[in-house]
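For reference, the structure discussed in these notes is given below.
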Amino acid sequence: MIPLSVPNIEGNEWQYIKECLDTNWVSSVGSYVDLFEQKVAEFTGAQYAVSTVNGTAALHIALLLSNVTQDDCVLVPNITFIASVNAIKYVNASPIFIDIDPDTWQMDLGLLEEFLENETTLQEGICTEKNSQRKIKAIMPVHVLGNMADMDHLKALAKKFHLEIIEDASEALGSYYEGTHSGNFGKFGCFSFNGNKIITTGGGGIIITDDEQLAAKAKHITTQAKADKFEYVHDHVGYNYRLVNVLAAMGVAQMENLPKFLNRKQEVNAFYREQLTNVGDIQLQEIPNKTSSNHWLFTILTSQQKPLIQHLTAHKIQVRPLWYPMNRLEMFKHERYYSRNDLSMEVYQKSISLPCSTNISEEDTAFVVKTIRDFFN
Ligand SMILES: Cc1ncc(COP(=O)(O)O)c(C=O)c1O
Numbered sequence: 549m550i551p552l553s554v555p556n557i558e559g560n561e562w563q564y565i566k567e568c569l570d571t572n573w574v575s576s577v578g579s580y581v582d583l584f585e586q587k588v589a590e591f592t593g594a595q596y597a598v599s600t601v602n603g604t605a606a607l608h609i610a611l612l613l614s615n616v617t618q619d620d621c622v623l624v625p626n627i628t629f630i631a632s633v634n635a636i637k638y639v640n641a642s643p644i645f646i647d648i649d650p651d652t653w654q655m656d657l658g659l660l661e662e663f664l665e666n667e668t669t670l671q672e673g674i675c676t677e678k679n680s681q682r683k684i685k686a687i688m689p690v691h692v693l694g695n696m697a698d699m700d701h702l703k704a705l706a707k708k709f710h711l712e713i714i715e716d717a718s719e720a721l722g723s724y725y726e727g728t729h730s731g732n733f734g735k736f737g738c739f740s741f742n743g744n745k746i747i748t749t750g751g752g753g754i755i756i757t758d759d760e761q762l763a764a765k766a767k768h769i770t771t772q773a774k775a776d777k778f779e780y781v782h783d784h785v786g787y788n789y790r791l792v793n794v795l796a797a798m799g800v801a802q803m804e805n806l807p808k809f810l811n812r813k814q815e816v817n818a819f820y821r822e823q824l825t826n827v828g829d830i831q832l833q834e835i836p837n838k839t840s841s842n843h844w845l846f847t848i849l850t851s852q853q854k855p856l857i858q859h860l861t862a863h864k865i866q867v868r869p870l871w872y873p874m875n876r877l878e879m880f881k882h883e884r885y886y887s888r889n890d891l892s893m894e895v896y897q898k899s900i901s902l903p904c905s906t907n908i909s910e911e912d913t914a915f916v917v918k919t920i921r922d923f924f925n
C-alpha cells in the first residue's frame with residue numbers, strides 16, 4: 549500500500565529520544581520541551597510558544613483564554629476536521645458554520661461578511677446574532693490542507709465586528725500569507741503534530757502568541773495551574789495538557805528537518821499539479837496569490853470520486869475523502885449553518901486526498917498519476 553501521509557523519521561529523533569531515556573528526563577519537564585517551544589516560536593516568528601498534548605488541547609486552551617464561554621458563538625468553516633468544533637463545544641459555546649469557497653476550500657469570506665452585515669448587530673462592542681441574541685465572540689479560520697484565505701479581509705471583518713481571531717493552523721506549519729506565518733493573525737494560533745502532519749511528535753500540539761501574559765497563562769493552565777513551586781497549591785481548574793519531554797525531543801529533531809519536508813511537499817505538489825491538469829474532470833485546489841501553502845495534503849476534486857477511490861484502493865494506493873461537512877454530523881445538526889448553495893457538500897462529495905508523505909518516492913507518485921490517468925482513459 550502506498551500510504552496517504554506518514555511520519556518521516558530520518559533525522560536525530562533516535563539520538564534525542566535516547567538521551568531522554570538515558571537521563572531519565574522522559575516526563576512532563578525537561579530541556580527538550582523548552583527547546584521545542586523555542587524552535588517553533590522562532591520558525592513561525594511568534595514571540596511565544598506553549599506546547600500541548602495535542603492540537604485539540606491547544607484549541608481548547610486558546611478558546612478558554614479568549615474568554616469564549618457558555619452560550620457564546622464562534623464562526624468556523626463547515627469543512628474542517630471535527631477537533632475545531634469539538635474544542636468550541638468544550639467551552640460550552642456553539643459553532644456557527646460558514647460554507648466554504650469552492651475553489652480554495654477555505655471559509656468563504658464573502659459569505660462571512662454577508663452573515664456579519666445582515667445577521668448580526670453590534671452594540672457597545674458586542675456582536676450579537678439577531679435571531680437568537682447569542683453573543684459572537686470569535687472567528688476560527690482553519691487553514692484547510694495548508695492553504696490560507698485572504699487574511700487581510702478576515703482581519704478587517706474581525707476588527708469591524710469586535711471578534712477575536714483564533715487560528716486553527718493545525719495543518720499549516722510552513723504556510724504564509726504575504727510573508728507572515730500562519731497562526732500570527734490573531735491572539736492565538738494552534739498547531740497539531742499528529743502523525744499525519746508535516747512534522748510529528750507522535751501526538752502533540754502548540755499554541756503561539758505574541759502576548760507574554762497570555763503565553764504565561766497558557767503554560768500555567770496546561771500544567772495543572774500549580775501556583776507554588778513546592779507546595780501543591782493550585783489557583784485555577786487546570787489541565788494536564790503538557791507535551792512530555794520525550795515527545796518534545798522528537799519534535800526538535802523533526803523541526804530540524806522541516807525545511808526539507810516543506811521542500812519535498814512543494815515538489816510533490818508541483819508534480820501532481822502538472823501531471824493531473826486536464827486529466828478527466830479533475831479540479832485542483834486554488835492557492836491565492838498572497839498565500840504560500842505548505843501543501844500538506846494533496847487533494848483533488850472529481851465527479852468520479854467513488855469509482856476513482858475504488859480504483860485507487862484496488863491498486864493499493866491509500867486515499868480518503870475530505871471531512872464530512874460539520875453541519876451534517878448528528879450532534880451538530882441543530883447548529884446554525886450559513887450557506888447559499890451548500891458547496892461544502894459538493895466539495896466533500898468530489899474530494900480525494902492522494903498519497904503525499906514527505907518520504908514518498910518518485911516511483912510512487914508516478915504510479916499514482918498513471919493509475920489515475922488509466923482510470924480516466
Ligand atoms: C484542522 C485540524 N484541527 C485540529 C486538529 C487536531 O489536532 P490533534 O489531532 O493533534 O488533536 C487537526 C489534526 O488532527 C486538524 O487537521
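Basically our numbering = 1-based index in the sequence shown + 548.
Note that beta-carbon positions come from the ideal geometry of N, C-alpha and C, so glycine has one too.
Mind checking Phe736: buried by the 16 CB within 10 Å criterion, or exposed? Here Phe736 is buried: its Cβ has 16 or more other Cβ atoms, across all protein chains shown, within 10 Å.
I want to check one thing, is the minimum distance from the CB of Asn742 to the heavy atoms of ligand 1 below 7 Å? yes
Quick check for students: name the residue ranges of the alpha helix (DSSP H) that lie wholly in the region 651–708, counting only runs of 4 or more. Qualifying alpha helix (DSSP H) stretches, in chain order: 657–667, 699–708.
Tell me whether Trp573 is buried or exposed, calling it buried when 16 or more other Cβ atoms sit within 10 Å of its Cβ. With at least 16 other beta carbons inside 10 angstroms of its own, Trp573 counts as buried.
Would Asn602 and Asn875 qualify as a contact pair, given that the criterion is a beta-carbon distance under 8 Å? no
Measure the alpha-carbon distance for Ala594 versus Asp649 and round it to whole angstroms. 28 Å
Who are the near neighbours of Arg921 in its chain, counting only those whose CB is closer than 7 Å to its CB and skipping five residues on each side? Val827
For Lys587 and Trp653, what's the separation of their Cα atoms in angstroms? In a straight line, the C-alpha of Lys587 is about 30 Å away from that of Trp653.
Label Thr913 either buried or exposed according to how many other C-beta atoms from any shown protein chain fall within 10 Å of its C-beta, with 16 as the threshold for buried. buried
Please identify the residue among Pro903, Ala801, His859 whose C-alpha is closest to the C-alpha of Ile557. Ala801
When the Cα atoms are used, what is the spatial distance from Phe663 to Glu677? 9 Å
Against chain B, does Glu719 count as a neighbour if the rule is that its beta carbon must be under 8 Å from one of theirs? No chain B is present in this structure, which holds just one protein chain.
Run the CB neighbour count on Gln883, radius 10 Å, all protein chains shown included, and call it buried at 16 or more, exposed below. At residue 883 the sequence reads Glu, which differs from the Gln that was named. It counts as buried.
Report the option in Ile769, Gln618, Val690 whose CA atom is closest to the CA atom of Gly788. Per the sequence shown, the amino acid found at residue 788 is Asn instead of Gly. When only C-alpha atoms are compared, the closest one is Ile769.
What three-state label does DSSP hand Leu526 in the structure shown? An answer regarding residue 526 cannot be provided, because it is not within the stretch 549 to 925 covered by the chain.
May I ask you to report which of helix, strand or coil DSSP gives Asp716? strand
Start-to-end residues for the beta strand (DSSP E) that takes in Gly753: 753–757
Does the Cβ of Pro903 have 16 or more other Cβ atoms within 10 Å, making it buried, or fewer, making it exposed? buried
Could you name the residues of the same chain whose beta carbon sits closer than 6 Å to that of Thr749, not counting the 5 residues immediately before and after it, in chain order? Take Thr749, set aside five residues on each side of it, and the residues of its chain with a beta-carbon closer than 6 Å to its own are Phe741, Leu795, Met798, Gly799, in chain order.
DSSP state of Ile609, grouped into three classes? DSSP places Ile609 in the helix class (H, G or I) of the three-state scheme.
Please report the straight-line C-alpha distance between Glu804 and Gly559, rounded to a whole angstrom. 8 Å
Which residue marks the beginning of the alpha helix (DSSP H) containing Gly799, and which one marks its end? 793–804
Per DSSP, what kind of secondary structure is Phe739 in: helix, strand or coil? strand
May I ask which residues mark the beginning and end of the beta strand (DSSP E) holding Ile646? 642–646
How is the beta strand (DSSP E) around Ser899 delimited, first residue to last? 899–901
How big is the Cα-Cα spacing for Trp562 and Leu891? 45 Å
For Gly658, tell me which candidate among Leu860, Phe923, Tyr886 has the shortest Cα-Cα distance. Minimum Cα distance to Gly658 is reached at Tyr886.
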